[in-house]
Structure formats: C-alpha cells, structure tokens
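Going down the list, the sequences are from chains Y and C.
For the first sequence, our numbering assigns the number 1 to the initial residue and increments by one for each residue that follows.
For the second sequence, our numbering assigns the number 1 to the initial residue and increments by one for each residue that follows.
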Amino acid sequence: MADIELLPHNVPSNSELPELVEELTTLNLGPTHPATHGIFQNVLKMDGEKIVSGEQTIGYIHRAFEKIAERRPFYQITTLTDRMNYCSSPINNMGWHMTVEKLLGIEVPKRAQYIRVIMMELARITDHIICNSILGVDTGAFTGFLYVMQKREEVYEIYEEVCGARLTTNMGRVGGMERDLSSAAIRKINDFIKSFPAVLRELEKLLNRNRIFMDRTINVGPISAERALSYGFTGPNLRAAGVDYDVRVMNPYSSYEDFDFEVPIGQSGDTFDRYMVRNEEMWQSLKIVEQAINNLPEGPYYADAPEFYLPPKNEVYKSMEALIYHFKIVMGEIDAPAGEVYHAVEGGNGELGFYLISDGGRAPYRLHFRRPSFIYYQAYPEMCKGSSLSDAILTMSSLNVIAGELDA
Amino acid sequence: MLTNQEVAEGLLEKFGDQVFDFEEPYGLLTLSTTREEIIPLMEFLKDHKHYQVIFLTDITGVQYPDNAGKEYVVVYHMHSFVHNFRIRIKVALSAADIHIPTATGLFASANWMERETYDFFGILFDGHPNLRRILNIEEMDYFPMRKEYPMEDATREDKIDALFGR
C-alpha cells in the first residue's frame with residue numbers, strides 16, 4: 001500500500017471565509033420542455049423558487065412565410081396560413097381568403113359565408129379545447145383532457161368530411177368554398193352540437209369549482225387591462241382582463257352580424273379568468289354553429305368569379321371552361337389589381353390580421369401577418385415576474401401561445 | 001363615431017404639411033408623415049380626448065428598391081376601440097439614412113414589432129432598448145425580406161417566366 005500524503009487540514013477561520021453572496025439561479029425553461037407547448041426558450045433568473053426576471057428566445061421554427069408568399073399566386077398562400085395557428089387552421093384559411101376577396105372586390109354568396117362561419121366556430125372550439133384541457137393537465141388533472149379531446153376528434157372528422165384534411169385543412173377557396181356541405185357533414189355537425197354540451201359540462205364540473213384548480217389559477221399571472229392594451233393583447237386574453245373587444249362584433253365579416261351571441265368578459269385578467277372566458281366562448285361558438293346550420297341559406301357556395309375561384313375538381317373533369325380557368329389559376333396567369341388591404345379576423349387567440357400589398361402582379365408584393373401569439377408572448381416575463389416556477393407554467397399555458405404562429 | 005374626414009382634418013390642423021398623401025384604400029384612412037413627426041403624431045392620436053386611438057395593432061416594413069430616396073416604408077396600424085376607427089400611418093425612409101425613432105415609449109407592444117421589422121429589413125429604430133434580431137439567428141449579416149434576396153436562385157434557367165407564357 002502506497003503512502004498517501006495527506007494534505008494539511010487547512011480550514012480557514014471565520015474571518016477568512018468569503019462573504020456569502022446571494023446568487024440568482026439561471027434556469028432554462030424550454031426550448032423543448034413539455035409545458036412550453038412548442039419550441040420557445042425562456043431564460044429565467046430565479047431567486048430560490050421565485051422568478052426575478054426572464055428573457056425569451058423565439059424563432060426556432062421560423063419558416064419565412066412572408067417571404068415565400070411573395071413568389072406564390074394568391075390561392076397557394078392558403079397552405080402557408082394554416083401552418084400558423086395549427087390548432088384552428090380554418091380560421092387562418094378563411095381570414096386569408098377574405099383578405100384576397102376584399103382586394104379583388106368579390107362578393108361571396110350567403111351560403112358560403114355561413115359555411116365559413118360554421119367552420120371557423122368549430123375551429124375556435126378545437127382551439128379552446130386544447131388550451132383549456134391542457135391547462136387542466138398542467139395542474140395535474142388529466143381526466144378533463146381525456147373527455148374533451150374526443151370531441152376535438154369529432155370536429156376533425158367534420159373537417160375531413162368537408163375538405164379531406166384534418167389538421168392543416170387548406171379549407172375553402174378564394175371566392176367561396178371548395179365544395180358544398182355534404183349531407184354526411186351536416187349530420188356530423190348536428191351530432192356534434194347535440195353531444196358536445198354534455199362533455200363540456202363534464203369539463204366544467206371537473207375544473208370550474210375544483211379547489212386545487214382554483215388555488216393554482218386564481219391570481220396567477222394577472223395582467224391589468226391597461227397593460228394588456230399596451231402590450232397589444234386581443235382575443236380571450238384581453239377580454240379576460242375586462243376589455244370588451246371582439247373583431248366579430250366590432251368589424252363583422254362573413255355574416256357574423258346575422259348571429260346572436262355574447263362576448264364573455266373577465267375581470268382580473270388572471271389564469272382563471274382566461275380559462276373561464278375560453279370556456280364560455282365555447283358555449284357561444286356552439287350557439288353560433290347551431291344558428292348557422294339551422295338557417296343555412298340555399299344557393300351557390302361560390303362566387304361568380306371564374307378568374308380567381310379555383311373550380312371544383314369534378315367540374316374540371318367535365319367542363320372545358322372549368323379546365324381552362326383551373327389551368328390559368330394554377331399557373332398564376334391572372335393578375336390581381338393593385339391595392340393595399342388590411343383585414344382582421346377573430347382567430348382562436350385574438351385579432352389575426354393580414355396586411356397585403358399588391359402591385360398588380362400574380363403574387364403579393366408584400367404580405368404581413370399580424371399574429372396574436374407573437375404579440376402575447378412578449379408580455380410573458382412581466383406576467384410571471386415574482387411568481388413561482390409552477391405558476392409560470394400555468395401562465396404560459398393559459399396564454400395559448402402557438403409556436404407555429406409565434407414564429408410564422 | 002369617428003369619420004376619416006374628421007380625423008384627417010384634425011391632423012392637418014395640428015401637423016400642417018407634415019402629414020400628406022391622404023388616401024382611403026378599402027375605407028381605411030391612410031396617410032404619410034415624416035420620421036420627425038411620427039412619434040408626436042402617434043402621441044397626439046393616443047392622448048387625444050376624443051379620438052382615443054390607444055391600440056397599436058401592427059408595425060411592419062415594406063421595401064421599394066426602385067423608389068429613389070424612399071426605398072423603405074415603415075407602416076403603422078392603429079385602432080381606436082371607442083370609435084372602432086382604424087388608421088394606417090406610413091413613413092418613408094431613404095436607404096442611405098435608415099433611422100426612425102422608436103415607439104416603445106408609447107406602446108409596450110412596439111418592442112417586438114420593431115425588432116421584427118429590424119430583423120427583416122434592417123430599419124434602425126433609434127432609442128429602442130433592445131434592438132436585435134428576433135426570429136433569425138444573431139450571426140446573420142443580412143436582412144432577408146429585402147428584395148435583393150429573391151426567393152429562388154436567379155441563375156436557374158428552368159423557371160424563367162417566359163417559358164411558361166408569363
């Protein structure tokens with residue numbers, strides 16, 4: 001056994017000890033944390049369990065949609081928009097189509113407008129289902145998620161019946177819908193209207209008055225109406241803070257003025273209010289869908305604008321005119337008029353705006369998306385400042401920031 | 001209710017020939033101003049007792065490379081919830097001097113919107129607390145939304161428009 005030379009046991013006396021410095025812990029929340037609901041990074045400075053400050057890094061899935069759009073004919077941009085907020089892609093699609101229709105001056109027939117309203121409201125329901133049920137999961141309650149997720153599945157089946165796709169729907173066309181609502185689609189929508197309330201009530205019973213859920217969400221991540229406005233909040237997050245602003249009411253589009261619905265308003269702008277506003281909005285959306293499907297007007301489902309409306313496929317096979325126009329539109333041979341349009345729709349998250357500049361070519365000269373998630377996420381460090389890490393997770397969850405829309 | 005005419009007259013009275021190029025494309029009041037007047041103009045709209053244009057909807061940039069002396073345009077969209085009134089304000093900048101004052105003092109939302117505009121067009125917002133790239137990587141040394149960076153390779157010959165009868 002070799003001799004081990006022991007180092008002198010040199011303990012410094014108290015006066016020699018360095019002063020205890022309070023250091024803040026730096027914690028990376030994300031980029032791929034299951035609770036960040038997407039790919040974004042938060043570098044948090046923590047004092048023990050308390051968040052002192054935070055800084056975000058975004059852009060992990062930035063795909064330059066605005067740049068790509070500058071080379072694409074107008075109808076091809078639809079496929080870019082539904083990859084933004086993929087939880088409610090029909091709203092993105094319809095918003096884009098309405099922007100182009102505004103530029104072109106196309107009047108869409110009532111039937112198409114009503115079908116659009118049905119699809120947009122179903123999309124809003126799926127969007128809120130995700131947000132609210134995942135909020136439950138983040139507090140540790142999985143059952144509610146399980147119950148409402150099956151209803152989202154049913155909505156996806158309706159999408160599938162209407163356009164063939166489920167998630168990135170590419171639904172509709174410039175000038176109307178791609179096809180009419182089939183009888184199977186109407187039956188599925190009616191079934192959904194009948195069966196959804198029971199499930200939604202179940203979620204409410206599980207969470208609304210649940211002591212743990214209330215303790216974890218009330219006064220968590222609050223934002224005042226004034227700060228929310230300054231940060232550019234819209235949609236459920238702004239309404240939870242007590243500001244009555246809904247694009248559907250203020251600037252009605254696609255016949256929203258025909259329907260009777262209420263705009264739920266919160267008070268304190270905390271996580272619980274955001275949850276409640278979204279919950280109530282699902283009831284209102286269901287009400288709108290019910291009215292629209294019961295009063296669905298007869299008539300054509302697309303506008304008489306052959307130069308811009310991509311003809312239905314079965315007509316392309318049968319009619320020469322349709323084939324010619326199909327070809328011309330697909331090859332992008334028809335120019336749009338020059339002009340400048342801003343059109344906003346009430347997305348699942350808030351005001352989704354499309355700012356389109358056309359120079360009279362076949363593609364936009366400049367296209368800018370006003371994406372609500374991009375706006376919300378900026379306020380996140382301020383909202384979770386001073387709260388604990390577990391509260392910060394719920395704040396983020398209730399803001400409903402969608403990574404695809406954040407980065408576009 | 002607020003009309004385009006009313007606001008246009010109010011702005012002309014206050015700012016005189018510093019506001020110009022009034023238009024109403026698709027019903028939205030659009031006007032241009034200079035970069036010296038943009039912040040006072042936004043402040044005027046925001047603090048005005050009657051107008052109450054307190055919401056900044058969007059900031060973005062546009063590039064017109066052929067428009068000498070006005071190559072870049074910064075576009076602001078604002079909204080008054082009280083009167084449901086929207087307004088669009090444009091400021092043209094020359095490529096040689098691409099500075100504009102920041103609006104972060106008026107709206108918290110301007111912070112990221114200006115960073116995005118800087119990231120894609122290289123427009124410099126003077127006085128911005130943290131003007132750096134937001135969606136692209138920090139090491140990038142060009143501004144990708146500028147027209148000098150086309151989407152497709154210009155040297156490719158199989159995609160010439162003329163071959164497709166365009």
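We put the CB at the ideal spot given by N, CA and C, even for glycine.
These numbers come from a predicted model, not from an experiment.
Taking all protein chains shown into account, Phe272 of chain Y has 16 or more neighbouring C-beta atoms within 10 Å of its C-beta and is therefore buried. Asn295 of chain Y and Glu262 of chain Y have their C-alpha atoms some 19 Å from each other. Nearest to Phe22 of chain C by C-alpha distance, out of C:Ile100, C:Gln5, C:Lys14, is C:Gln5. Boundaries of the alpha helix (DSSP H) harbouring Ser89 of chain Y: 89 to 104, taken from the DSSP string. The secondary-structure analysis by DSSP pairs Pro222 of chain Y with nothing; it has no beta-bridge partner.
Boundaries of the beta strand (DSSP E) harbouring Phe125 of chain C: 124 to 126, taken from the DSSP string.
Identification of residues in the stretch 134 to 151 of chain C having a C-beta nearer than 9 Å to some C-beta of chain Y yields Ile134, Leu135, Asn136, Ile137, Pro144, Met145, Lys147, Tyr149, Pro150, Met151, given in sequence order.
Across the set Y:His62, Y:Glu298, Y:Met276, Y:Glu66, the C-alpha of Y:Glu66 shows the shortest separation from the C-alpha of Ile357 of chain Y.
Taking all protein chains in view, the Cβ of Arg239 of chain Y is crowded by 16 or more other Cβ atoms within 10 Å, so the residue is classified as buried. Contacts with chain C at 9 Å (Cβ-Cβ) include Leu103 of chain Y.
For Leu229 of chain Y, the three-state secondary structure derived from DSSP is helix. Within the stretch 239 to 273 of chain Y, the complete alpha helix (DSSP H) runs of at least 4 residues fall at 247 to 250.
For Ile123 of chain C, the nearest beta carbon of chain Y is not closer than 9 Å to its own beta carbon.
Shown here for Ser224 of chain Y: same chain residues with a beta carbon closer than 8 Å to its own, the five before and five after excluded, namely Ala241, Gly269 in chain order. Distance check between Pro297 of chain Y and each of Y:Ala69, Y:Phe40, Y:Ala112 places Y:Ala112 closest, using alpha-carbon atoms only. Under the 8 Å Cβ criterion, the stretch 385 to 399 of chain Y does not count as touching the stretch 6 to 15 of chain C, having fewer than three qualifying pairs. Against chain Y, the CB of Pro129 of chain C has no partner CB under 9 Å away; the residue lies outside that interface. Arg227, Leu229, Ser230, Tyr231, Gly232, Phe233, Thr234: these are the residues of the stretch 208 to 242 of chain Y whose beta carbon lies less than 9 Å from some beta carbon of chain C, given in chain order. Within chain C, the residues Asn84 have their CB atoms less than 7 Å from the CB of Met250 of chain Y, given in chain order. As the crow flies, the alpha-carbon of Ile39 of chain C is around 7 Å from that of Pro101 of chain C. Annotated as proximal: Tyr159 of chain Y and Met171 of chain Y, with beta-carbon spacing under 9 Å.
Between Arg124 of chain Y and Ser285 of chain Y, the beta carbon gap of about 5 Å places them in contact (Cβ cut-off 8 Å). In this structure, Tyr64 of chain C lies away from Phe121 of chain C, with their beta-carbon atoms at least 9 Å apart. Legend: CB atoms of the stretch 101 to 126 of chain C lying less than 9 Å from CB atoms of chain Y belong to residues Leu106, Phe107, Ala108, Ser109, Ala110, Asn111, Trp112, Met113, Glu116, Asp119, Phe120. Chain Y has a Cβ within less than 9 Å of the Cβ of Thr60 of chain C.
Between Ile68 of chain Y and Met214 of chain Y, the alpha-carbon positions lie close to 45 Å from each other. Contact check for Met84 of chain Y against Gly404 of chain Y passes: the beta carbons are separated by less than 9 Å. Within the same chain, Cβ atoms closer than 6 Å to the Cβ of Leu28 of chain C are found at Arg86, Arg88, the five residues on either side in sequence being excluded. Excluding the 5 residues flanking it on each side, Asn136 of chain C has same chain C-beta neighbours closer than 6 Å at Asp119, in chain order. Counting along the chain, no alpha helix (DSSP H) covers Val53 of chain C, and no H or E run does either.
Neighbourhood of Arg132 of chain C in chain Y, by CB distance below 8 Å: empty, with the nearest CB roughly 11 Å away.
Taking a beta-carbon distance threshold of 9 Å, Arg278 of chain Y does not count as an interface residue toward chain C. In the DSSP annotation of this structure, the continuous segment of the alpha helix (DSSP H) that includes Ile186 of chain Y starts and ends at 183 to 207. Shown in chain order are the members of the stretch 49 to 76 of chain Y whose Cβ falls below 8 Å from a Cβ of chain C: Ile58, Gly59, His62, Ala64, Glu66, Lys67, Ile68, Glu70, Arg71.
In summary, Thr26 of chain Y is exposed, with fewer than 16 beta-carbon neighbours lying within 10 Å of its beta-carbon over all protein chains present. Taking a Cβ-Cβ threshold of 7 Å, the residues of chain C close to Phe374 of chain Y are Trp112, in chain order.
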